[in-house]
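Comments concern the structure below.
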Amino acid sequence: MSTGPQLPHGYVLHAFDRVESTNDEARRLAEEGAAAGAVVVAAEQVKGRGRHGRAWASPPGNLYASLLLRPDCTIAESAQLSLVASLALAEALVALAPPDADVRVKWPNDVLVRGAKVAGLLLESASAAHERVAWVVVGSGVNIASAPADTAYPATALRYEGFPPVTPIHVLERYLGALAGWLERWRAGGFAAVRPAWLALGSGIGDRVRLRLAREEVAGRFLDVTEQGALLVAQDGDRRRQITAGELLFSDR
Ligand code: BTN
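Here's what the structure looks like:
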């Protein structure tokens, strides 16, 4: 007897050969009233999206998946899901990794292997009344077989880093298995309950960094990630700032 993918209880898989973007399919399900736990996966995307309006190269062989969530939280709190999901994804990759792979999470939404980006997350949401979220789609792209060569940051794939051959669905099973557990902890205790594990895998803490924000760039030392999921940076002159959204650039990479 053949069994399908092993997903956590209540998760329902919607699998496609090719879509424009799995986030768009998950959004459609959300708007049609689908329950939390709907997971869209595709072998290929023809209009994969990254953050900041960038394209996400999506040839066959990598994982493209979007999970629908309906968390009972504010819009601001839902940003923490980026850290929660990237931690789960990093843990899933640690379980598959060769010993020297140095799998890390990069605030707020990437996973690195040996300092190069192997996975990225794109969260999209709709708001409800009183600053609450109606739904959140957690879109995840993991470079398994290939990575683009023309990126602004170093990118890599599991295959280039000595991971054993693994299918996108196998990575998805491990990722969602880890994520279901972290989501329970997050619901019960907020990001404070997830933060120690996130910090243990965090990349660049203590280093000099630059942060690209919506209207400015900030340079300083990456001190910590707060219990709300904000990045705490010490700017020159010891001014401390909490950053809730932005792109982290490592000064020395
Ligand atoms: C980033 O690092 O810029 C985020 C990349 C997110 C890519 C994933 S692939 C599955 C989902 N569908 C999309 O169109 N984007 C996300």
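Residue 512 is where the sequence shown starts when you use this note's numbering, and the numbers rise one by one after that. Glycine included, each C-beta is placed from N, C-alpha and C at the ideal position.
Since residue i and residue j should fall inside the 8 angstroms C-beta cutoff, what is the C-beta to C-beta distance between them, to a whole number of angstroms?
i    : j    : result
A596 : L690 : 6 angstroms
R529 : A553 : 6 angstroms
A576 : V551 : 7 angstroms
R560 : S589 : About 18 angstroms separates the two Cβ atoms, so there is no contact after all.
G631 : P665 : Incorrect: roughly 13 angstroms between the Cβ atoms, too far for contact.
L592 : Y686 : Actually they are not in contact, since the Cβ atoms of L592 and Y686 sit about 14 angstroms apart, beyond 8 angstroms.
Between which two residues does the beta strand (DSSP E) containing residue i stretch?
i    : result
Q843 : No answer is possible for residue 843: the residues shown for the chain start at 512 and end at 764.
I716 : Neither: I716 is in no beta strand (DSSP E) and is coded neither H nor E.
W646 : 644-653
H525 : 523-530
D535 : Looking at the DSSP string, D535 is not in any beta strand (DSSP E); the run it does join, the alpha helix (DSSP H), is 533-542.
R752 : 751-754
A745 : 742-746
A637 : 627-638
A576 : 574-580
Q758 : With the sequence shown as reference, residue 758 is identified as Glu, and Gln is not the correct amino acid for it. Note, E758: beta strand (DSSP E), 758-761.
D621 : 621-624
So the candidates are the options; which of them puts its Cα closest to the Cα of residue i?
i    : options                : result
G564 : Q517, V647, L634, A587 : L634
A703 : G715, F674, Y686, D735 : D735
N620 : L742, G700, A725       : L742
N493 : D747, L580, V629, G700 : The displayed coordinates of the chain run from 512 to 764. Any statement about residue 493 would go beyond what the structure contains.
E543 : A645, Y686, Q556       : A645
V677 : I716, L607, G626, L594 : L607
E642 : T585, S593, A603       : T585
G652 : P571, R723, G521, A660 : P571
Q746 : N534, A640, L722, A601 : L722
I680 : R698, G700, A656, A660 : A656
F612 : Y671, A640, L592, Q517 : With the sequence shown as reference, residue 612 is identified as Ala, and Phe is not the correct amino acid for it. The shortest Cα separation from A612 among Y671, A640, L592, Q517 belongs to Y671.
A587 : V647, L724, D718, G748 : V647
P582 : Q556, A603, V605, A547 : A547
E555 : A545, F527, D535, N534 : F527
N534 : R750, S636, Q753       : S636
How would you label residue i, buried or exposed, when you count the other beta carbons within 10 angstroms and need 16 or more for buried?
i    : result
P610 : exposed
K558 : exposed
S638 : exposed
L623 : buried
T662 : exposed
E727 : exposed
G650 : buried
A658 : buried
Tell me which residues share the same chain as residue i and place their Cβ nearer than 8 angstroms to its Cβ, disregarding the 5 neighbours each side in the sequence.
i    : result
V720 : A730, G731, R732, F733, V744, L759, L760, F761, S762
R696 : A704, V705
L594 : V616, W618, P619, N620, F702, V705, W709, V736, G740
R562 : N620, G631, L633, E758
P516 : L524, I680, L683, E684
Less than 7 angstroms between C-beta atoms, sequence neighbours within five positions excluded: which residues of the same chain meet that for residue i?
i    : result
A549 : V523, H525, A537, L540, L579
T514 : none
A711 : none
L598 : V616, W693, V705, A708, W709, L712
S714 : R615, V616, K617, L623
V605 : V614
With residue i as the anchor, note down where its alpha helix (DSSP H) starts and where it stops.
i    : result
D611 : Unbroken run through D611: none, as it is neither H nor E.
L724 : From DSSP, L724 is part of no alpha helix (DSSP H); its letter is neither H nor E.
V682 : 679-700
E588 : 586-589
L518 : Element bounds for L518: n/a, residue is neither H nor E.
L710 : 706-712
Excluding the five sequence neighbours on either side, which residues of its own chain have a C-beta within less than 6 angstroms of the C-beta of residue i, listed in chain order?
i    : result
S755 : Ser is not the amino acid found at residue 755; the sequence shown has Thr there. Counting only Cβ-Cβ distances below 6 angstroms, and skipping sequence neighbours, we find A741.
I716 : F733
N654 : N573, V629, A668
G673 : P609
E602 : A689
P675 : none
L724 : G757
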